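Trainee: Mind having a look at this structure? Questions to follow.
Numbering (this note's numbering), first residue to last: 347 to 658.
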C-alpha cells in the first residue's frame, strides 16, 4: 500500500486554530507529554538504582528531575513541530498548540529553556557524562525522530525508539560517571520494545495517521505486514531481555521475571499476528497488547530494582 509523501519542510506549518485564550498551567504541563515522561523517568530511576555505587538522595532527586524536564522539553519541541499534523488527528487535536491555547513562539521558548536548563544543571550538579547523554536523548528525539524520520519513512519508530532508551544511560551515568554493558542491554530492551508497543497503537489508529499523512507502517505497508513485524520484534526482544541474567549481570529475580513477562508478551504478539482483518476482536487484541506492553516494561524494570536490592 502506498501513500503520497507528506511535506517534509523543517519548519512547522501554521496552526489551524487561532490563539483564543490565555494558556493555563495545565496546557504547559500537557506540552511536556506527562504520560510518556512517566515511563522514561521510571526506567531511568531503575537504572540509577541498578548502577554500582551510591548517590546522595538530593543528587539523585536532581538527576531524576533533570531527566523528567529534559523528556518534557523534547515532548514540547515535538508538539511545536508537529502542530500541523496534530490538528488533523482525533487523538491529538485537543493538544494546546493545535487547539490554539498556546502561542507557538511561547511553546518553543519554553521548550528550549527547559532543554538547556536540564542539561546544564545535571552537568554541574552530577557529571558531564550524564549531561552529554541527556543532550543526545533530546536531540535524537527532536532532530532524528521528529524532524528527519517521522514524516519520511515507516522506519521512524524503529530508529526513533533510541530516543526513549537513552534515559537509562543517563540514569546509570549519573551514578557512575560512565557506562557499562548492563545499561546498554537495558537500552537495547527499550529499543526493541518500542516498535511492537507503538505499532500496536498504530494498528487501531491507522485512519488517523493516514489522514495526517504520517507514514506509519500500517499506512505504508498494511495491517498484515505490521502484525508480522510486531511478532518479529517481540521474538528479538525476549532473548535480549533475558541476556542480563544469562551474562551474570543480574540475579534470578530479574531473570525469572524476564522469562515470564516475555512469554506473555510473545503470546499476545502471536495473537495479534494471526489477525487477518480489522474486526472488533482484532482491535481488542491490539489494544490489549499495547496496554500490556506498558505493564511489561514497568514490571521488567521493577524486577531489576528488586533484584539489585536483594542481591546487592
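The beta carbon of each residue, even a glycine, is placed where N, CA and C say it ideally should be. Remember, it's a predicted structure, so these values are computed and weren't measured experimentally.
How big is the Cα-Cα spacing for residue 656 and residue 558?
Mentor: The residue you call residue 656 lines up with position 310 of the chain shown. The residue you call residue 558 lines up with position 212 of the chain shown. In a straight line, the C-alpha of residue 656 is about 49 Å away from that of residue 558.
Trainee: Return helix, strand or coil for residue 634, following the three-state DSSP convention.
Mentor: The residue labelled residue 634 in the question sits at position 288 within the chain shown. If DSSP states are grouped into helix, strand and coil, residue 634 belongs with the helices.
Trainee: For residue 642, collect the residues of the same chain with a Cβ closer than 6 Å to its Cβ; drop the 5 residues on either side in sequence, then sort them by chain order.
Mentor: Counting from one through the chain shown, the residue named residue 642 turns up at place 296. Result list for residue 642: 607 and 611, in chain order.
Trainee: Is it the case that the segment 546-564 contacts the segment 430-442, given that we only count it when at least three CB pairs across the two stretches are under 8 Å?
Mentor: A contact exists between the segment 430-442 and the segment 546-564.
Trainee: Could you check which residue in 462, 487, 503 and 522 has the C-alpha nearest to that of residue 512?
Mentor: Position 166 of the chain shown holds residue 512. Selected option, being the one with the closest Cα: 487.
Trainee: Would residue 479 be called buried (16 or more neighbouring beta carbons within 10 Å of its own) or exposed?
Mentor: Your numbering for residue 479 matches position 133 in the chain shown. Answer is buried; the Cβ neighbour count reaches 16.
Trainee: Mind checking residue 500: buried by the 16 CB within 10 Å criterion, or exposed?
Mentor: Within the chain shown, the letter at position 154 stands for residue 500. Buried is the call here.
Trainee: How big is the Cα-Cα spacing for residue 566 and residue 583?
Mentor: As a position in the chain shown, residue 566 is number 220, starting the count at 1. As a position in the chain shown, residue 583 is number 237, starting the count at 1. The alpha-carbon atoms of residue 566 and residue 583 are separated by roughly 24 Å.
Trainee: In its own chain, which residues sit with a C-beta less than 8 Å from the C-beta of residue 439, not counting the 5 before and 5 after it?
Mentor: Residue mapping note: residue 439 aligns to position 93 of the chain shown, counting from 1. Around residue 439: 432, 433 and 445.
Trainee: Tell me whether residue 639 is buried or exposed, calling it buried when 16 or more other Cβ atoms sit within 10 Å of its Cβ.
Mentor: Indexing the chain shown from 1 puts residue 639 at position 293. Per the 10 Å Cβ criterion, buried.
Trainee: Around the C-beta of residue 370, are 16 or more other C-beta atoms found within 10 angstroms, so that it is buried, or is it exposed?
Mentor: Counted from its first residue, the chain shown places residue 370 at position 24. By the 10 Å Cβ count, residue 370 comes out exposed.
Trainee: Would you check if the distance between the CB atom of residue 376 and the CB atom of residue 529 is smaller than 7 Å?
Mentor: Start at 1 with the first residue of the chain shown, and residue 376 comes out as number 30. Start at 1 with the first residue of the chain shown, and residue 529 comes out as number 183. The answer is no: Cβ separation not under 7 Å.
Trainee: Output the distance between the C-alpha atoms of residue 415 and residue 629, rounded to the nearest integer angstrom.
Mentor: The residue labelled residue 415 in the question sits at position 69 within the chain shown. The residue labelled residue 629 in the question sits at position 283 within the chain shown. About 34 Å.
Trainee: Tell me whether the beta-carbon of residue 457 lies closer than 7 Å to the beta-carbon of residue 443.
Mentor: To locate residue 457, count along the chain shown from 1; it is residue 111. To locate residue 443, count along the chain shown from 1; it is residue 97. Cβ atoms of residue 457 and residue 443: not closer than 7 Å.
Trainee: Going by alpha carbons, who is nearest to residue 473 out of 514, 495, 519 and 506?
Mentor: Residue mapping note: residue 473 aligns to position 127 of the chain shown, counting from 1. If we check each option's Cα against that of residue 473, 519 comes out closest.
Trainee: Let me know if residue 407 comes out buried or exposed under the rule of 16 or more other beta-carbons within 10 Å of its beta-carbon.
Mentor: Counting from 1 along the chain shown, the entry for residue 407 is found at position 61. Exposed, since its Cβ has fewer than 16 Cβ neighbours within 10 Å.
Trainee: With distance defined between alpha-carbon atoms, name the residue in 650, 615, 556 and 632 nearest to residue 597.
Mentor: Taking the first residue of the chain shown as position 1, residue 597 is located at position 251. Ranking 650, 615, 556 and 632 by Cα distance to residue 597 puts 650 first.
Trainee: Relative to the alpha-carbon of residue 420, which residue among 491, 592, 398 and 447 has its alpha-carbon at the smallest distance?
Mentor: Taking the first residue of the chain shown as position 1, residue 420 is located at position 74. Ranking the options by Cα distance to residue 420, first place goes to 491.
Trainee: Residue ranges of each beta strand (DSSP E) run of no fewer than 3 residues wholly in the segment 397-434, ordered along the chain?
Mentor: Qualifying beta strand (DSSP E) stretches: none in this window.
Trainee: Between the alpha carbons of residue 524 and residue 475, how many angstroms are there, rounded?
Mentor: On the chain shown, residue 524 is found 178 positions in, with the first residue counted as 1. On the chain shown, residue 475 is found 129 positions in, with the first residue counted as 1. If I take the Cα positions, the gap works out to 6 Å.
Trainee: Go to residue 575, then tell me how far its alpha helix (DSSP H) extends in each direction, as first and last residue.
Mentor: On the chain shown, residue 575 is found 229 positions in, with the first residue counted as 1. 563-592 is the extent of the alpha helix (DSSP H) around residue 575.
Trainee: Of the choices 391, 426 and 387, whose alpha-carbon is the least far from that of residue 652?
Mentor: Translated into positions along the chain shown, residue 652 becomes position 306. Closest option to residue 652, Cα to Cα, is 391.
Trainee: According to DSSP, is residue 557 part of a helix, a strand, or is it coil?
Mentor: As a working mapping, residue 557 is identified with position 211 in the chain shown. It is helical.
Trainee: Kindly give me the distance between the Cβ atoms of residue 635 and residue 615, rounded to whole angstroms, as I take these residues to be in contact under 8 Å.
Mentor: The residue you call residue 635 lines up with position 289 of the chain shown. The residue you call residue 615 lines up with position 269 of the chain shown. About 6 Å separates the two Cβ atoms, so the contact holds.
Trainee: Taking the alpha-carbon positions, what's the residue 554 to residue 594 distance?
Mentor: Counted from its first residue, the chain shown places residue 554 at position 208. Counted from its first residue, the chain shown places residue 594 at position 248. Distance between the alpha carbons of residue 554 and residue 594 is about 45 Å.
Trainee: Assuming residue 410 and residue 386 make a contact with CB atoms under 8 Å, what is their CB distance in whole Å?
Mentor: Position 64 of the chain shown, counted from the start, is the residue given in the question as residue 410. Position 40 of the chain shown, counted from the start, is the residue given in the question as residue 386. With a Cβ gap of about 10 Å, residue 410 and residue 386 do not count as contacting.
Trainee: Should residue 658 be labelled buried (16 or more other beta-carbon atoms within 10 Å of its own) or exposed?
Mentor: Within the chain shown, the letter at position 312 stands for residue 658. Under this definition residue 658 is an exposed residue.
Trainee: How far does the alpha helix (DSSP H) with residue 483 in it reach, from first residue to last?
Mentor: Locating residue 483 in the chain shown gives position 137, where the first residue counts as 1. Segment 474-485, the alpha helix (DSSP H) holding residue 483.
Trainee: With C-beta atoms as the reference, is residue 591 less than 7 Å away from residue 531?
Mentor: Position 245 of the chain shown, counting from 1, holds the residue named residue 591. Position 185 of the chain shown, counting from 1, holds the residue named residue 531. No, the Cβ-Cβ distance between residue 591 and residue 531 is not below 7 Å.
Trainee: Nearest to residue 631 by alpha carbon, out of 466, 477, 388 and 550?
Mentor: Within the chain shown, numbered from 1, the residue matching residue 631 stands at position 285. Closest by alpha carbon: 550.
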